[in-house]
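In the UniProt record's numbering, the protein residues as written are 1 to 182.
By construction, the Cβ of each residue, glycine as well, lies at the ideal position given by its N, Cα and C atoms.
Please read these numbers as outputs of a predicted model, since none were measured by experiment.
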Amino acid sequence: MVADMEGDATPGSEVVLETSRLLLRPWRVAEAVVMRELWTERDPRVPPHRRIDADGHPTLAELEDSIRTNQLWSTGLLAVEPKASRDVIGYCGLVDSGRGPAGEPELAFELLRRVWRRGYATEASLAVLEWAKSSGHERLWATVWDWNVASRRVLAKLEFTETERKEVNAVHGTTLFTTRRL
1 MVADMEGDAT PGSEVVLETS RLLLRPWRVA EAVVMRELWT ERDPRVPPHR
51 RIDADGHPTL AELEDSIRTN QLWSTGLLAV EPKASRDVIG YCGLVDSGRG
101 PAGEPELAFE LLRRVWRRGY ATEASLAVLE WAKSSGHERL WATVWDWNVA
151 SRRVLAKLEF TETERKEVNA VHGTTLFTTR RL
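If you want it as structure tokens, here you go:
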């Protein structure tokens, strides 16, 4: 259930979503440590620009600065925290990556490995889908690596369907494009 949906990802708006077990809300600078942990846990097949590089970038300070200055972390990719623990475990939300049709945001989610297989990604994503629908979106899309079986399962549970569009990368695998009508 979505308890509070203030704004529609416009400048200055703050989005807060709530489910029975989760709170999705803007990131706090002090939580950059969780964001960095997500970066360190990423599969080695993920492209280098999405992993910690040989020089240690992004650093904790760089991630803190990103939270402080990038609206994406307050209105797009929301921090996910279980109500029981109040610890941030990842993110879920909507982004405009420029890879999809104009006006159709992409659903994105990523959770710490230690909380996988608890249904949190599906639950958080359902709240984001409701938020997107109430914000007037008619369709969402999501990309997923062909080798990322767990995320493909989440998208299937959310009734996203694979399209004909694919981006093949000989090193990192194939990116599958999926869509869902709201």
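Output the distance between the C-alpha atoms of residue i and residue j, rounded to the nearest integer angstrom.
i    : j    : result
E41  : V29  : 20 Å
R180 : R114 : 28 Å
F109 : W116 : 12 Å
E164 : L94  : 22 Å
T174 : G56  : 27 Å
P154 : Y91  : Strictly speaking, residue 154 in this sequence is Val, with Pro absent from that position. Whole-angstrom Cα-Cα distance: 14 Å.
D43  : R36  : 14 Å
V33  : E62  : 11 Å
R68  : A170 : 36 Å
N70  : W27  : 10 Å
Should residue i be counted as a contact of the ligand NAP given a C-beta to heavy atom distance under 7 Å?
i    : result
G136 : As presented, the structure is devoid of all ligands, the ligand NAP included, so that no description of it is given.
Among the candidates the options, whose CA atom is the shortest distance from the CA of residue i?
i    : options                   : result
S85  : E14, L22, L17 and F160    : L22
H172 : T122, A127, P47 and G98   : P47
L112 : S125, S97, P101 and V88   : V88
S20  : T161, G136, A127 and K133 : A127
S74  : E31, E159 and E130        : E31
L176 : G136, E130, L129 and G100 : G100
W39  : I52, R45 and W27          : I52
K83  : R68, S135 and E18         : E18
With burial defined as no fewer than 16 other Cβ atoms inside 10 Å of the residue's Cβ, what is the status of residue i: buried or exposed?
i           : result
residue 270 : Because the chain here runs from 1 to 182, residue 270 falls outside it and cannot be looked at.
V15         : buried
P105        : buried
S97         : exposed
L72         : buried
E6          : For E6, the predicted structure reports a pLDDT of 37, less than 50, and the residue's modelled location is therefore unreliable. The matter cannot be settled from this model.
L107        : buried
Near residue i, what residues of its chain come up, given a Cβ to Cβ distance below 7 Å and the 5 sequence neighbours on each side ignored?
i    : result
G103 : none
R25  : V16, L78 and A79
G76  : A9, G93, L94 and V95
By Cβ distance below 8 Å, which residues in the same chain neighbour residue i in space, the five residues on each side in sequence not counted?
i    : result
L182 : L129, A132, K133, H137, E138, R139 and L140
T178 : W141, A142, T143, V144, L155, F160, T161, E162 and T163
Spatial neighbours of residue i within its chain, please: CB distance less than 6 Å, with the 5 preceding and 5 following residues excluded, ordered by chain position.
i    : result
E167 : T175
K157 : T122
**Request:** Examine the Cβ distances between the stretch 115–130 and the stretch 150–159 and report whether three or more of them are shorter than 8 Å.
**Result:** Segments in contact, yes.
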